[in-house]
Amino acid sequence: MTGPLPPAELAAGSCRSCPVWCDRVVEPAGCIESSCPMLYVHEVSGRRFFGCMRRIFEVEVDMERFQQAERTHAGFGGLRVARPPIENCRVAIAPSHPDRAERPCVAPDFLFSAQVPPRVDDDGLIEEPRDA
Ligand code: SF4
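Just so we're aligned: the sequence shown equals residues 2 to 133 in our numbering.
In structure tokens form, the structure reads like this:
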């Protein structure tokens, strides 16, 4: 499929319009750093889990495992967006197969709909992620 995406697909958490496959993800580290009022925490059998009251990401995350991941170089990363993010959300675009880019992005509205879009080269091709 080529050409602009219909609005319903633009609102979704992923774009499959070319072989690259990009997902819009929200980074829970941003929820915690901003002390978002939509963030909730609860305890089950002595373990703490957190989630989003707006269900912008749908899963609940084990706080201890999240903190362990955040101490690594890669960090916890992002969770696929399930509902339209709000201003408070730290949103990124995660290309699943950047090596498949053969031509410029066909859905730039999706690609640049996040605070942290992927890098593109001078030809408009999505670049492989680099280490910071
Ligand atoms: S609204 Fe956004 S920033 Fe707040 S908890 Fe949900 S995903 Fe995180």
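Think of the CB as a built atom: it goes at the ideal place given N, C-alpha and C, for glycine as much as any other residue. Predicted model, so just to flag it, every value in this text is computed and none were measured.
Query raised in the report: Cα separation between R84 and D124?
Result: 31 Å
Query raised in the report: By the 10 Å Cβ neighbour count, where 16 or more other Cβ atoms means buried, how is P8 classified, buried or exposed?
Result: Bear in mind that a pLDDT of 49 at P8, under 50, signals an unreliable position, so the number given afterwards is only what the model happens to contain. Exposed, because fewer than 16 other Cβ atoms sit within 10 Å of the Cβ of P8.
Query raised in the report: For E103, is the classification buried or exposed, using 16 other Cβ atoms within 10 angstroms of its Cβ as the cut-off for buried?
Result: Counting Cβ neighbours within 10 Å, E103 comes out exposed, since fewer than 16 surround it.
Query raised in the report: Apart from the five residues just before and just after I127, which ones in its own chain have a Cβ nearer than 7 Å to its Cβ?
Result: V21, P96, P99, A102, C106, P119 and V121
Query raised in the report: According to DSSP, is E128 helix, strand or coil?
Result: coil
**Report entry** Nearest-angstrom Cα separation, counted from F77 out to V60
**Finding:** 14 Å
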